[in-house]
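Residue numbering for the sequence shown is 13 to 53, as defined by this note's numbering. Presented below is the structure to which this report refers.
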Amino acid sequence: MITTVFNFLQGAVEFSLLGCAEAASLAFLLYLLYAKTRIVK
Numbered sequence: 013m014i015t016t017v018f019n020f021l022q023g024a025v026e027f028s029l030l031g032c033a034e035a036a037s038l039a040f041l042l043y044l045l046y047a048k049t050r051i052v053k
């Protein structure tokens, strides 16, 4: 019982960390595209 809860928590933490990393990288890419369009104009 305790091990299953621990495994679930560990999986949730890893999932949230991956989600944050993906969101950050996506925002960074969008920012780069935005900066490029600003420079061109």
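Here a beta-carbon is modelled for each residue, glycine too, at the ideal position from N, C-alpha and C. Keep in mind it's a predicted model, so treat the numbers as computed, not measured.
For residue j and residue i, the rounded distance between their alpha carbons
i, j, result
"Val25", "Thr49", "36 Å"
"Ala36", "Val17", "28 Å"
"Thr15", "Gln22", "10 Å"
"Cys32", "Val52", "30 Å"
"Phe20", "Leu38", "27 Å"
Cβ shell of residue i (< 6 Å), same chain only, five flanking positions each side left out
i, result
"Leu44", "none"
"Phe40", "none"
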